[in-house]
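Read the sequence shown against UniProt numbering and you will find it ends at 659, with the numbers running on by one and no gaps. Below: one structure, written as structure tokens.
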Amino acid sequence: MAPNTGYFGVTPPIATTGPSKMEETATDDLMKELRKQGNFESEDESKLRQDVLAIVHELVQEFVRKVSLKAGMSEQAAKMAGGKIFTFGSYRLGVHGPGSDIDTLCVVPRHVTYSDFFETFEPMLKEMEGATEVAGVPEAYVPIITANIRGIPIDFLCASLNRPDIPDDLGLEDNKILAGLDERTVRSLGGSRVTNDILRLVPNQSVFRDSLRCIKLWAQRRAIYSNVNGFLGGVAWAMLVARICQLYPNLNAAAIVHRFFIIMLQWKWPQPILLQPIEEEVKELDSSKRMNFRVWNPRIYPTDRNHLMPIITPSYPSMCSTHNVTRSTMSVMNDEFMRGSMIVEQIMFRRSEWSELFAKHDFFQKYRYYLQIIASSGKAEDQLKWSGTVESRLRQLVMKLEFVDQLEVAHPFIKGFEQKHYCLDDAEVRAVAQGDVSPIIEKRKEEDMKNTPGMSEVFTTTFYIGMKVADKKAGTLGPRKLDISYPTTEFTKQVKQWDQYREETHGIVVRHIRGPALPDYVFEGGTRPVVVKSLKRSKSSIKGAKGKDNDLPNKRTRLSDSNGVPLQANGTPAPAAALTPVSMNGGQHASVSPSVVTSTAISVSTAAPVTNTVAAGLQSLATIPTSNPTISSASDPKIPTPPPAKLPNGENISVATGV
């Protein structure tokens, strides 16, 4: 509760009444649906998590002891140095589900460094019985080690405090523990401190948890749950729900969810969401020990003024948890808020069910054009780091695409699709690296290929960006073209600047692909939705590196197979682009030469995808003929926009916003 105010948050509540009979019934139905959806883990899994965390706690203390002995400390002093773990994120909030990871902070004394964390603790994890998929990312904004222990995924952060030991009763709430720490360590501590503050700042933790479970499941199903890709991560969604709980301290979960969607639609962004007043500095410390950490302040920092949808962490130093949000991802989320408000309004009057709110996204049916970004390498460990690097840069590609004329939305999908293929020669390696996987390669299994001479493994992770093109203006004559040369070229340059990038090891391909040519693996269960095809001619052209059109004269009409691969008149696959092989550690990889296949196709569904950029160099990028697909969403101009959602009972959002 805010000091001296008698209420939670930065404003008085909008209403203090309790739930109605209708809202009580809706909450009962919501909890039944959440259980039906498998949102709660079993007692056995809950016990396993506790057992794994106990093992991890012992491992962290052993890690500190090892480093202490190496530093010359006595056995007794090394043992007394301690070490402690703190969970945060969904597990600490109490909203995790089956298979969820556990965010874990390892707190260590001052003589244990980040180098020790990666050079000593990471090898200890790899040697630990039951541990798999251990991978450190020391260069990350918040350095992290990921691992899977006895089937439980865990993300490890490390914070070295400015003190000689870490006792078992140490807490992280006091701001004074930040004294003498660098910003990297403060960021690592932030997750645990923010999670604890969120729980402290909600009026009813049980209602908050039930409401957050609903919003979290909805965001995951609608594919808008991903901080790295420009949507909201778990902490941001938690803070939004916490703020609604503050505004309605006595309501239940269904009533909170109902108002959540309406308030998100009415909120006057970029007005920030705050759970408590921002603390500019720690006033309890004397001037000689004052901490000068940067605190979010758009009046001072120009970059903070650029945040479109600021949701500010409550713990000192306050930061914007949503700095990754772009114009496109914000537009997508607003569409989903509208959809959610309409469905929940119907649920409250028993005209619909909660299962409709949790319906799966339609990302791979929504757009006519997509960008396909393929990261590839020859080793699993290399691929884990390389694909993570590529994914972390996708937001920059989205932001550059937003400046392309006629492109209204560049909508990134929230995850990549990982595949492993077994190739018998250079040609197959190169084809897989481009995303052209034949049915023969697709069917190969590891057990069938173990002793095959010359067999190479190729690991790929494929990301997608949906592109919504502006409607053709009245009176516009002739075909329009969408030039994405600059943003995709700059993106490729950027990912290749990774300090561990090796041209002979890492592949990066960007190409445009039409919706009907999407591979089966993007659809759940590999079942492709039935599409009614229209007979229509369209043309694809390539804009050369020097800005000249490279349309080939006297091109023959080609058909395409079900995967969008061009076919010749006799029905056989058309020749691919000229390819240049390069060597790969532990196998072979491929890069693509400047020559690109250009084709004319019959109907939208058979246009061949075009390779845009490649591993061996920056190539010409596609200019795509534009035509907007029909999108069945709240944003479709053909569908009348519903009237603005209103809060029930005459409630007024201006109480919370001041505007």
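Every residue gets a Cβ at the ideal spot worked out from N, C-alpha and C, and that includes glycine. On a predicted model such as this, the values are computed, not experimentally measured, just so you know.
Exercise for review: Just confirm the distance between the C-beta atoms of GLU41 and PRO109, as a whole number of angstroms; I'd bet it's less than 8 angstroms.
Suggested key: With 8 angstroms as the limit, GLU41 and PRO109 do not qualify as a contact, their Cβ atoms being about 34 angstroms apart.
Check your understanding: Pairing CB atoms from the segment 407–423 with CB atoms from the segment 454–462, are three or more of them under 8 angstroms?
Key -> The count of Cβ pairs closer than 8 angstroms, one atom from the segment 407–423 and one from the segment 454–462, reaches three, so the stretches are in contact.
Practice item. Assign THR16 to buried or exposed, taking buried as 16 or more other Cβ atoms, counted over all protein chains shown, within 10 Å of its Cβ. Key: Its Cβ having fewer than 16 others within 10 Å, THR16 is exposed.
Check your understanding: Which residues in the same chain as GLY130 place their Cβ atom closer than 7 angstroms to its Cβ, once the five residues preceding and following it in sequence are excluded?
Key -> Same-chain partners within the cutoff: ILE149 and ARG150.
Point to revise | Proximity to LEU201 [Cα-Cα], best of VAL10, PRO453, PHE403 and GLY466 | key: Selected option, being the one with the closest Cα: VAL10.
Point to revise | DSSP three-state assignment for MET124, whether helix, strand or coil | key: MET124: helix per DSSP, three-state reduction.
Review point. According to DSSP, is ASN292 helix, strand or coil?
Key: Here DSSP, grouped into helix, strand and coil, assigns ASN292 to coil.
Practice item. Kindly indicate which three-state DSSP category ASP448 falls into: helix, strand or coil? Key: It is helical.
Practice item. Measure the Cβ-Cβ separation of PHE117 and LEU105 and say whether it is below 7 angstroms. Key: In terms of Cβ geometry, PHE117 and LEU105 do not form a close pair [threshold 7 angstroms].
Point to revise | Environment of PRO272 [buried if 16+ CB atoms lie within 10 Å] | key: In summary, PRO272 is buried, with 16 or more beta-carbon neighbours lying within 10 Å of its beta-carbon over all protein chains present.
Practice item. Note the first and the last residue of the continuous alpha helix (DSSP H) segment covering residue 680. Key: Not covered by the structure: residue 680. The range shown for the chain is 1 to 659.
Review point. Which ranges does the alpha helix (DSSP H) cover as unbroken runs of at least 4 residues, wholly within the UniProt domain "Poly(A) polymerase central" (207–360), from first to last along the chain?
Key: Entirely contained in the UniProt domain "Poly(A) polymerase central" (207–360), the alpha helix (DSSP H) runs reaching 4 residues are, in chain order, 234–247, 253–266, 302–305, 327–348 and 354–357.
Review point. Taking all protein chains shown into account, do 16 or more other C-beta atoms lie within 10 angstroms of the C-beta of ASP28, making it buried, or fewer, making it exposed?
Key: Label assigned to ASP28: exposed.
Check your understanding: How many Å lie between LYS468 and GLU524 at the Cα?
Key -> C-alpha separation (whole angstroms): 23 angstroms.
Exercise for review: Tell me GLY99's beta-bridge partners as DSSP assigns them.
Suggested key: BP columns for GLY99 are empty, so no partner.
Check your understanding: From GLU23, ASP426, ILE144 and ILE465, pick the residue whose C-alpha is nearest to that of SER456; which is it?
Key -> Checked all of GLU23, ASP426, ILE144 and ILE465; the closest Cα to SER456 is ASP426.
Practice item. Counting only the same chain and skipping the five closest in sequence on each side, list residues whose C-beta sits under 7 angstroms from that of SER90. Key: Within the same chain, and ignoring the five residues on either side of SER90 in sequence, the residues whose Cβ sits closer than 7 angstroms to its Cβ are HIS96, SER100 and GLY234.
Check your understanding: Can you tell which of ALA242, ILE653, ILE300 and HIS307 has the C-alpha that lies nearest to the C-alpha of PRO270?
Key -> Here the closest residue by C-alpha is HIS307.
**Study point:** Segment limits, alpha helix (DSSP H) that includes ALA135
**Key:** Following the DSSP letters along the chain, one finds ALA135 in no alpha helix (DSSP H) but inside the beta strand (DSSP E) bounded by residues 131–137.
Practice item. May I ask you to verify whether the segment 327–338 touches the segment 372–383, counting CB pairs closer than 8 angstroms and requiring at least 3? Key: Contact fails: fewer than three Cβ-Cβ distances are below 8 angstroms.
Review point. Can the beta-carbon of ARG49 be found less than 7 angstroms from the beta-carbon of ILE152?
Key: Using a Cβ distance threshold of 7 angstroms, ARG49 and ILE152 count as a contacting pair.
Check your understanding: Since GLU418 sits in a beta bridge, which residues does DSSP pair it with?
Key -> According to DSSP, which records beta bridges pairwise, GLU418 is partnered with THR461.
Check your understanding: Would the segment 503–513 and the segment 344–357 be scored as touching if the rule is three or more Cβ pairs under 8 angstroms?
Key -> Contact between the segment 503–513 and the segment 344–357 is absent: fewer than 3 CB-CB pairs across the two stretches fall below 8 angstroms.
Exercise for review: Rounded to whole angstroms, what's the CA-CA distance from ALA253 to THR120? Just pull it up for me.
Suggested key: ALA253 and THR120: Cα-Cα distance of roughly 45 angstroms.
Point to revise | Collapsed DSSP secondary structure at HIS57 in the structure displayed | key: It is helical.
**Study point:** CA-to-CA distance, LEU251 to ASP210, given in whole angstroms
**Key:** Rounded to the nearest angstrom, the gap between the Cα atoms of ASP210 and LEU251 is 12 angstroms.
Exercise for review: Could you give the DSSP three-state label for ALA410: helix, strand or coil?
Suggested key: DSSP places ALA410 in strand when its eight states are reduced to three.
Exercise for review: Note down the Cα distance separating MET348 from ILE215, rounded to an integer number of angstroms.
Suggested key: Each residue's alpha carbon lies about 16 angstroms from the other.
Check your understanding: By the 10 Å Cβ neighbour count, where 16 or more other Cβ atoms means buried, how is GLN500 classified, buried or exposed?
Key -> Burial check for GLN500: the Cβ neighbour count within 10 Å stays below 16, so the residue is exposed.
Exercise for review: May I ask you to list the residues that DSSP assigns as paired with THR146?
Suggested key: The beta-bridge partner set that DSSP reports for THR146 consists of ALA135 and ASP155.
Practice item. Look at the Cβ atom of ASN324, then the Cβ atom of ARG395, and state whether they are nearer than 7 angstroms. Key: Yes, Cβ-Cβ distance for ASN324 and ARG395 is below 7 angstroms.
Practice item. Kindly identify the DSSP beta-bridge partner or partners of PHE364. Key: Under DSSP, PHE364 forms no beta bridge with any residue.
**Study point:** GLN372, enclosing beta strand (DSSP E) - first and last residue
**Key:** 369–377 is the span of the beta strand (DSSP E), which, as asked, contains GLN372.
Exercise for review: Would you kindly work out how many angstroms separate the C-alpha atoms of LEU217 and ASN451, rounded to a whole number?
Suggested key: Spanning the two alpha carbons is a distance of roughly 44 angstroms.
**Study point:** Rounded C-alpha distance that separates VAL207 from ARG243
**Key:** Using only the alpha carbons, I get a separation of about 12 angstroms.
Check your understanding: Quick one, which of LEU240, GLU446 and TRP267 has its alpha-carbon nearest VAL257's?
Key -> Among LEU240, GLU446 and TRP267, the Cα nearest to that of VAL257 belongs to LEU240.
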